[in-house]
Amino acid sequence: MNLTVIGTGYVGLVTGTCFAEMGHMVTCVDVDAAKVNRLQQGEIPIYEPGLDTLVHSNFKEGRLQFTTSLAEAMADSNVYFIAVGTPPGEDGSPDLQNVLAVAREIGRYLQDYAVIVDKSTVPVGTADKVREALAAELEKRGVAIPFDVVSNPEFLKEGAAVNDFMRPDRIIIGADSNRALDVMRSLYADFSRNHDRILEMGIRDAEMTKYTANAMLATKISFMNEVSRLCDRLGVDVEKVRLGIGSDNRIGYSFIYPGCGYGGSCFPKDVKALIHMAEENGLEPLILQSVDRRNEVQKHVLFEKISERFGTDLSGLTFGVWGLAFKPGTDDMREAPSVVLIKALIEAGARVLAYDPVAMEVAREELPSAWFESGSLQLVNHQYEALQGADALALVTEWKPFRHPDFAAMKRMMEQPVIFDGRNQYDPKALIAEGFEYRGIGRR
257 MNLTVIGTGY VGLVTGTCFA EMGHMVTCVD VDAAKVNRLQ QGEIPIYEPG
307 LDTLVHSNFK EGRLQFTTSL AEAMADSNVY FIAVGTPPGE DGSPDLQNVL
357 AVAREIGRYL QDYAVIVDKS TVPVGTADKV REALAAELEK RGVAIPFDVV
407 SNPEFLKEGA AVNDFMRPDR IIIGADSNRA LDVMRSLYAD FSRNHDRILE
457 MGIRDAEMTK YTANAMLATK ISFMNEVSRL CDRLGVDVEK VRLGIGSDNR
507 IGYSFIYPGC GYGGSCFPKD VKALIHMAEE NGLEPLILQS VDRRNEVQKH
557 VLFEKISERF GTDLSGLTFG VWGLAFKPGT DDMREAPSVV LIKALIEAGA
607 RVLAYDPVAM EVAREELPSA WFESGSLQLV NHQYEALQGA DALALVTEWK
657 PFRHPDFAAM KRMMEQPVIF DGRNQYDPKA LIAEGFEYRG IGRR
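Converting from the sequence shown to our numbering requires adding 256 to each position, the first position being numbered 1.
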């Protein structure tokens with residue numbers, strides 16, 4: 257098939273590239289001319305393992321193209337994926353202006369039957385708005401061209417997105433037309449050859465499924481984070497509790513690791529959006545509100561533990577921070593717990609030495625310039641450099657290089673051998689035996 261993907265952000269670029277890898281002809285469209293130019297030159301604007309190789313090979317083979325002109329891309333295509341951003345508003349509701357702007361532009365250039373696919377994460381009812389916006393443009397032109405709108409939400413984990421797309425757990429297709437379903441079945445046939453992964457449902461059902469999936473995972477995390485705080489109070493080791501409940505196959509081990517809060521572009525935004533949808537429809541979302549609130553509180557847990565140990569005035573103290581991205585495998589710092597911690601440390605008078613294997617450039621661009629100019633924050637070139645003269649280390653992101661460091665060398669470098677483990681990565685007893693003071697999340 258000839259496909260058009262509008263938006264070359266995280267979802268759009270992965271979607272377009274993976275379809276090209278399966279032999280389809282894909283044109284990715286973006287209004288950002290500088291980004292399109294970079295992509296045409298082989299520069300990938302996001303960090304995602306394996307993506308750069310696929311982009312380069314498919315671009316070289318001519319299956320993947322990039323342009324700023326939607327009209328040009330539409331000339332040879334009849335399937336259009338809308339994969340533009342839906343940033344949250346102040347009330348938590350997703351901003352649909354980009355999605356609807358794309359729908360109107362498709363309506364201005366549409367010449368033949370097409371399937372318009374909502375790939376962006378959008379609220380229930382968005383497909384209706386896309387349909388109305390597109391139909392209004394056709395009416396302005398005085399033409400009657402058939403089209404269908406489909407909801408096909410993405411379920412991509414940052415750091416494993418290519419594998420998630422190529423080997424999906426499920427492919428959700430929300431459609432109200434057999435013609436559109438036939439197109440989507442054909443498009444995804446190669447992704448479900450060994451067994452059928454396609455789940456067909458109504459459009460609104462599919463829209464709701466995406467939000468519910470992310471909210472459920474966020475709920476598991478927040479629940480376990482709350483349990484970890486109680487464990488701290490009761491002298492219980494939350495790691496033992498985690499193993500005990502995870503062995504119950506009704507619960508499982510996934511997403512029950514306590515830590516210093518979740519971040520990223522999906523969980524925080526989607527939980528807030530679901531809260532907004534509930535409130536708009538007269539329902540008080542008690543559980544969802546608690547999930548969101550617990551996460552916001554949890555992002556301060558490391559600073560609380562640091563304050564308990566060193567006091568509220570941290571002037572003259574230096575803290576090493578390992579990990580800036582919201583999770584391993586990505587350079588995404590949106591809603592990252594590291595930002596909350598660093599801000600609190602600097603406001604308390606501390607100096608911060610921070611390191612991340614991947615997110616350093618993003619940090620330089622996104623963190624306040626005043627932090628760098630004042631000398632309060634320094635981004636260092638190696639993980640051990642963040643420990644030189646440090647009074648404590650705060651582990652925020654559980655990157656693999658941080659899992660088995662040289663503790664003897666660390667102890668020599670640090671002013672005080674104190675570790676605050678925001679991801680419960682280390683064995684408390686082993687660190688204490690090494691001569692460290694250890695504080696985890698619900699650990700003993």
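All C-beta atoms, glycine included, are put in the ideal place defined by N, C-alpha and C.
| Asked | Found |
| --- | --- |
| Between the Cα of Val-754 and the Cα atoms of Ile-429, Lys-583, Met-480, Arg-489, which residue gives the shortest distance? | This structure cannot settle anything about residue 754, because the visible part of the chain is limited to 257 through 700. |
| Taking 8 Å as the threshold (C-beta atoms), are Thr-324 and Ser-376 in contact? | no |
| Going by DSSP in three states, Ser-630 sits in which element: helix, strand or coil? | coil |
| Once DSSP output is grouped into helix, strand and coil, what is the label at Gln-554? | helix |
| Ser-630: buried (16+ other C-beta within 10 angstroms of its C-beta) or exposed? | exposed |
| Beta carbon of Leu-633, beta carbon of Val-608: below 8 Å? | yes |
| So Gly-520 and Lys-476 are supposed to be a Cβ contact under 8 Å. How far apart are they, rounded? | About 15 Å; that fails the 8 Å criterion. |
| At what residues does the beta strand (DSSP E) containing Thr-574 begin and finish? | 574 to 578 |
| Would you kindly work out how many angstroms separate the C-alpha atoms of Asp-526 and Val-358, rounded to a whole number? | 21 Å |
| Quick one: Cα of Ala-327 to Cα of Asp-404, how far? | 19 Å |
| Based on the DSSP secondary-structure assignment, which residues constitute the bridge partners of Ala-650? | Val-577, Phe-676 |
| Cutting at 6 Å between CB atoms, please list the residues of its own chain near Cys-487, excluding the five before and the five after it. | Val-494, Gly-698 |
| Quick check on this structure: which residue in Glu-622, Trp-627, Met-670 has the alpha carbon closest to the alpha carbon of Gln-639? | Met-670 |
| According to DSSP, is Gly-363 part of a helix, a strand, or is it coil? | helix |
| First and last residue of the alpha helix (DSSP H) that includes Met-440? | 434 to 444 |
| Note down the Cα distance separating Leu-365 from Arg-319, rounded to an integer number of angstroms. | The amino acid occupying residue 365 in the given sequence is Tyr; Leu does not appear at that position. Spanning the two alpha carbons is a distance of roughly 23 Å. |
| Sorted by chain position, which residues of the same chain lie with C-beta nearer than 6 Å to Asp-677's C-beta, five sequence neighbours on each side aside? | Leu-651, Gly-696 |
| Could you say which of Phe-315, Val-371, Pro-301, Pro-350 lies nearest to Met-330 if we only look at CA atoms? | Val-371 |
| Rounded to a whole number of angstroms, what is the C-alpha to C-alpha distance between Ala-581 and Tyr-336? | 32 Å |
| In the region 300 to 385, which residue ranges form an unbroken alpha helix (DSSP H) of at least 4 residues, counting only runs that do not cross its ends? | 307 to 316, 326 to 330, 353 to 365 |
| Please list the terminal residues of the continuous alpha helix (DSSP H) segment that includes Ala-276. | 266 to 277 |
| Using 10 angstroms around the beta-carbon of Arg-659, count the other beta-carbons present and answer buried if the total reaches 16, otherwise exposed. | exposed |
| Of the choices Gln-296, Glu-414, Pro-624, whose alpha-carbon is the least far from that of Glu-304? | Glu-414 |
| Starting from Tyr-611, follow the beta strand (DSSP E) in both directions and report where the run begins and ends. | 607 to 611 |
| Using the C-alpha atoms, what's the distance from Glu-540 back to Ile-531? | 8 Å |
| At 3 residues or longer, and completely inside the region 504 to 541: list those beta strand (DSSP E) runs for me, N to C. | none |
| If you measure between the beta carbons of Gln-681 and Glu-641, is that distance less than 8 Å? | no |
| Measure from the alpha carbon of Tyr-518 to the alpha carbon of each residue in Ile-427, Val-557, Phe-663, then state which is nearest. | Val-557 |
| Using the beta-carbon count (16 or more within 10 Å), is Glu-410 buried or exposed? | buried |
| Have a look at Pro-673 and Glu-690 and give me their C-alpha separation to the nearest angstrom. | 10 Å |
| With distances taken between CB atoms, is the gap from Asp-587 to Val-618 smaller than 8 Å? | yes |
| If you drop the 5 nearest sequence neighbours on each side, which residues of the same chain put their C-beta closer than 6 Å to that of Val-373? | Phe-337, Val-406, Asn-408 |
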